[in-house]
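To convert, note that position 15 of the sequence shown is 142 in my numbering; the numbers rise steadily by one, no gaps.
In this text, a Cβ means the ideal position worked out from N, Cα and C, and glycines have one as well.
In this text, all values refer to a predicted model and were calculated from it rather than measured experimentally.
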Amino acid sequence: MLKDFVLEGSETIGQEEIFHYTSVESLFKIVESKSLRLCSTKFMNDWKVMLMIRDVTNETLLKSKGIPYNPERINEIKRLTEGANFESFIISFSKREDSLNQWGFYGDNTKGLSIGFDVDRLKSRLELLLLVTSIEAKNHFKLSMKSVIYDLEKQCEELSVNEYRKEKKKTIRLSETDFGLSFYANSLKSGYFSDEKEVRIVYNPNITVTGSQINI
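What follows is the structure, encoded as structure tokens:
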């Protein structure tokens, strides 16, 4: 089902619980508000993840890694992402309950907490937010929970950089749409962060800019 593709459960993630590193102060806010706050990618310390599609379509890099690619497909991805606004809102979890690096970076310099969340219960809550009345397919990809992909070769597989079909067809692949590429972009991250084993909940709003007016 579509919801199982957009929202990964414990079977896909590979464990029943994921962990959110945060400060004691943030824990109290979560408990008091009974909600989780998502952060704009513009303010994340690893903001470059939103540019990962451009890295994955770097022909020089792909050649150096011996990864096959189709130049026409590369150009198509570049065309779809040109001028696109990939700002999203994210909250991060880890498959690792006790990670020294994450205690330092996200756990208030080792003075914070690692909060465990039941994956399937979290997914069930998110499924309620996926109940939309619009028939537009892209609205079903505004909210997701997926494991982060760190391996460059697997990232290329996600974006189908080695494929491209020019003939007309009835079925359009998700990776052939601008909102689809935005959806995939949020699950791509540099291999330098692979130790984090991150799982992300992502919200992709519709953002339009007219003059000085920003509409979300």
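Based on Cα-Cα distance, which residue from Tyr319, Arg327 and Asp131 lies nearest to Leu279?
Tyr319
Count the other CB atoms within 10 Å of the CB of Lys316; is the residue buried (16 or more) or exposed (fewer)?
buried
With distance defined between alpha-carbon atoms, name the residue in Tyr196, Ser215, Thr149 and Asn236 nearest to Tyr311.
Of the candidates Tyr196, Ser215, Thr149 and Asn236, Ser215 places its Cα closest to the Cα of Tyr311.
According to the neighbour-count rule (16 or more other Cβ atoms, all chains shown, within 10 Å of its Cβ), is Val158 buried or exposed?
exposed
For the beta strand (DSSP E) that Leu270 lies in, which residues bound it at each end?
Leu270 to Ser274
So within the stretch 174–262, which uninterrupted alpha helix (DSSP H) runs reach at least 4 residues, ignoring any that extend past its ends?
179–183, 186–192, 198–208, 227–233 and 246–256
Any C-beta of chain C sitting closer than 7 Å to the C-beta of Leu257?
In the structure shown, chain C does not exist; there is a single protein chain.
Cut-off 7 Å between Cβ atoms - residues of its own chain near Ser241, not counting five sequence neighbours on either side
Phe146, Tyr148, Glu224, Asp225 and Gly234
Go ahead and label Leu129 buried or exposed: buried means 16 or more other beta carbons lie within 10 angstroms of its beta carbon, across all protein chains shown.
It is exposed - the Cβ of Leu129 has fewer than 16 other Cβ atoms within 10 Å.
Which of helix, strand or coil does DSSP assign to Glu303?
helix
Sort out for me which residues DSSP pairs Phe320 with in a bridge.
Its beta-bridge partners do not exist; DSSP assigns none.
So, at 7 Å on beta carbons, what are the nonlocal neighbours of Thr237 in its own chain, with the 5 sequence-adjacent residues on each side left out?
Trp230 and Gly231
Pull up the distance between the alpha-carbon of Ser314 and that of Lys192, whole angstroms please.
21 Å
Hey, Val329 and Ser271: beta-carbon distance below 7 Å or not?
yes
Expressed to the nearest angstrom, what Euclidean distance is found between the alpha-carbon atoms of Phe244 and Pro332?
25 Å
In the DSSP output, which residue or residues are listed as bridge partners for Leu125?
Because the chain in this structure spans residues 128 to 343, residue 125 falls outside the shown range and cannot be described.
For Gly239, does the count of other Cβ atoms within 10 angstroms reach 16, so buried, or fall short, so exposed?
buried
Measuring alpha carbon to alpha carbon, tell me which residue in Val288, Lys269 and Leu308 is nearest Leu188.
Val288
Applying the 10 Å Cβ sphere with the 16-neighbour rule, what's the burial state of Cys283?
buried
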